[in-house]
Amino acid sequence: MKTVLKASMVLLLLIGTFFSCNPKLEERPKQLVKHVVLIGSDGFGAYAFKKAKVPNLRRLMEEGSYSLKARSVLPSSSAVNWASMIMGSGPELHGYTEWGSKTPELPSRIIGKGNIYPTIFSLIDEQLPESKKGVSYTWGGIGYLFEKDMVDLDFNGKSDEETKDKALNFIINEKPTLSFIHFDEPDGAGHSIGHDTPEYYEAVEKIDSLIGNIINALEMNDLLDDTAIIFSSDHGGIGKGHGGKTLEEIEIPWILYGKNIPKKGKLNSSIVTYDTAATIAYLLGLETPRFWRGKPITEAFN
């Protein structure tokens, strides 16, 4: 009898171990919103909030949740961090390691159906297959970082204004589940004139006005009630460059706003670029792959 009992216990232990180690996805949360608009502003350092007049972003901060201590992955440059933002992992896994990476310099640890490291778009494509999704971007480098055959909008604008207009037309008419809007400024001003200059802050304030346009359009078309807006950046800057390890380069803003999301104000969580993808998945009730390293910023929802 003791031998049979021991054998049964061993068998149950093995079964439990098998099921605990093999699932590919985390437990699926409840869907909180119908639409997510991810707005990324290239080179927008968190330090800009000290001097720039950004009333629209401050409205989102006051009525939502935010951190001005979020951090980019290293190196603190563009393709590395935009990839991390939508791929839920850092360069050690997705393999994009340089400012202008078009293909991974380091072989991606996982290759998904889109023949790249799986992004938030592939999760939506798999779990919400009828959903619309799109990307409107000013910097052409974004076009190498997502699964083009899985989106309904792939638009590379010539200016941030054009990028915004195309995105809004898509959002209003198609009501997508996820829209990623990438603005190239204030990175251009930072490189050509310098960070922490009057021209840089002028570019920051222009981005704020575009965000105001987006908020107003969502309100006018009765979309804001079921939408979450996330605003973030890829890096900051110092002098006329970035890519280093100073706080001016790696600290970025991270803002979450939604009428159905609690007003939490300043967050204490440690936020890294790749946590954005996981938070989007959480908002949409998606299961996240275990190979992702990002985690949802649940402090904003509790």
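Per our numbering, residue 14 is the first one in the sequence shown, and the count goes up by one each step.
Glycine is no exception: its CB is placed at the ideal position from the N, C-alpha and C atoms.
The structure presented is a predicted model; accordingly, all values stated were derived computationally and were not measured.
**OP:** Tell me whether Y287 sits in a helix, a strand or coil according to DSSP, three-state version.
**Re:** coil
**OP:** Would you decide whether L269 is buried or exposed? Buried here means 16 or more other CB atoms lie within 10 Å of its CB.
**Re:** buried
**OP:** Tell me whether N94 sits in a helix, a strand or coil according to DSSP, three-state version.
**Re:** helix
Original post:
Would you call P309 buried or exposed, if buried means 16 or more other Cβ atoms sit within 10 Å of its Cβ?
Top reply: buried
**OP:** Specify the secondary structure class of E143 as computed by DSSP and reduced to three states.
**Re:** coil
Subject >> Distance between beta carbons of S54 and S246, contact taken as under 8 Å >> reply: Right, the Cβ-Cβ distance comes to about 5 Å (below 8 Å), so this counts as a contact.
Original post:
Taking DSSP as the reference, what is the three-state secondary structure of R303?
Top reply: coil
Original post:
Based on the DSSP secondary-structure assignment, which residues constitute the bridge partners of I243?
Top reply: L51 and L269
**OP:** Name the one or two DSSP bridge partners that G254 has.
**Re:** I251
Subject >> Residue interval of the beta strand (DSSP E) (run including L280) >> reply: Element bounds for L280: n/a, residue is neither H nor E.
Original post:
Can you tell me whether DSSP reads S89 as helix, strand or coil?
Top reply: coil
Subject >> the stretch 114 to 121 in contact with the stretch 300 to 309 per 3-pair CB rule at 8 Å >> reply: no
Original post:
Using the C-alpha atoms, what's the distance from E111 back to L166?
Top reply: Straight through space, the alpha carbons of E111 and L166 are spaced by roughly 26 Å.
**OP:** Assign G333 to one of two classes, buried (16 or more other C-beta atoms within 10 Å of its C-beta) or exposed (fewer than that).
**Re:** As displayed, the chain neither begins before 14 nor continues past 315, which places residue 333 out of reach and without an answer.
Original post:
Roughly how many whole angstroms lie between the Cα atoms of S80 and H204?
Top reply: 25 Å
Original post:
So the beta strand (DSSP E) H195 belongs to, where does it begin and stop?
Top reply: For H195, the enclosing beta strand (DSSP E) covers residues L191 to F196.
Original post:
Shortest alpha-carbon distance to Y157 belongs to which of A202, S97 and E187?
Top reply: S97
**OP:** List the whole-angstrom C-beta distance separating F57 from I251, where the pair is believed to meet the contact cut-off of C-beta under 8 Å.
**Re:** Not really, about 14 Å apart at Cβ, beyond 8 Å.
Original post:
Would you report the Cα separation of K47 and S222, rounded to the nearest angstrom?
Top reply: 25 Å
**OP:** Go through its chain and collect everything with a Cβ distance to G125's Cβ below 7 Å, but skip five positions before and after it.
**Re:** P131 and S135
Subject >> Exposure of L260, with buried meaning 16 or more beta-carbon neighbours within 10 Å >> reply: exposed
Subject >> Where C34 sits in the DSSP three-state scheme >> reply: Below a pLDDT of 50, predicted positions are generally treated as unreliable, and C34, at 39, falls in that range; no measurement from the model is reported.
Subject >> Identity of the residues DSSP links to N169 by a beta bridge >> reply: Paired residue(s): Y150.
Subject >> Cβ pair N273, A241 closer than 9 Å >> reply: yes
Subject >> Own chain residues within Cβ distance below 7 Å of A66, not counting five before or after >> reply: Checking the sequence shown, residue 66 turns out to be Lys, not Ala. Cβ neighbours of K66 beyond the five flanking positions: E218.
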